[in-house]
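Worksheet: one structure, shown below.
Residue numbers (the working numbering): 101 to 228.
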């Protein structure tokens, strides 16, 4: 019986690991575009590996909430956006300004928070 349970747990672990690889790989980007995950989007406006401005938007629900976001890269740059009380059905928007070049392969991520809860985590890999 324990051998069957071990096989099931092992199989489940393999599936979770495979899905994790898909999430970590994410789409490549040439520093300009828009990427979303659940209620959060990040948008960049520059070309190549330079990021001057990153816009974060968090879609609100039918309740007023306090909303904020955090933006970071895998090479250590990060910024926290302003915290704002947003009315029902409004979209929160704020910008972060890295204003620098990043190495190709660097991941750019943003996590949005609605009422203290995470509501999305889009990430993108910066390429030449």
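The beta carbon of each residue, even a glycine, is placed where N, CA and C say it ideally should be.
Proximity to residue i [Cα-Cα], best of the options
{"i": "residue 156", "options": "212, 132, 216 and 219", "result": "212"}
{"i": "residue 225", "options": "185, 158, 137 and 149", "result": "149"}
{"i": "residue 228", "options": "208, 219, 218 and 202", "result": "202"}
{"i": "residue 177", "options": "143, 199, 185 and 134", "result": "199"}
{"i": "residue 215", "options": "172, 151, 188 and 147", "result": "188"}
{"i": "residue 174", "options": "207, 158 and 185", "result": "207"}
Rounded distance between the beta-carbons of residue j and residue i, thought under 8 angstroms
{"i": "residue 196", "j": "residue 154", "result": "5 angstroms"}
{"i": "residue 194", "j": "residue 210", "result": "Not confirmed; about 10 angstroms, so no contact."}
For residue i, the three-state DSSP class (helix, strand or coil)
{"i": "residue 134", "result": "strand"}
{"i": "residue 213", "result": "strand"}
{"i": "residue 169", "result": "strand"}
{"i": "residue 125", "result": "Any answer about residue 125 is weak, because its pLDDT of 46 lies below 50 and its placement is not dependable; what the coordinates show is given next. In this structure, residue 125 counts as helix in the three-state DSSP scheme."}
{"i": "residue 199", "result": "coil"}
{"i": "residue 227", "result": "coil"}
{"i": "residue 190", "result": "coil"}
Contacts around residue i, its chain only, beta-carbon distance under 6 angstroms, and the 5 residues preceding and following it disregarded
{"i": "residue 191", "result": "157 and 159"}
{"i": "residue 143", "result": "134 and 155"}
{"i": "residue 220", "result": "137, 138, 139, 140 and 212"}
Beta-carbon contacts of residue i that lie in its chain and below 7 angstroms, excluding the five residues immediately before and after
{"i": "residue 186", "result": "160, 164, 165, 167 and 192"}
Same chain, Cβ closer than 8 angstroms to residue i, neighbours up to 5 away in sequence not counted
{"i": "residue 182", "result": "168 and 194"}
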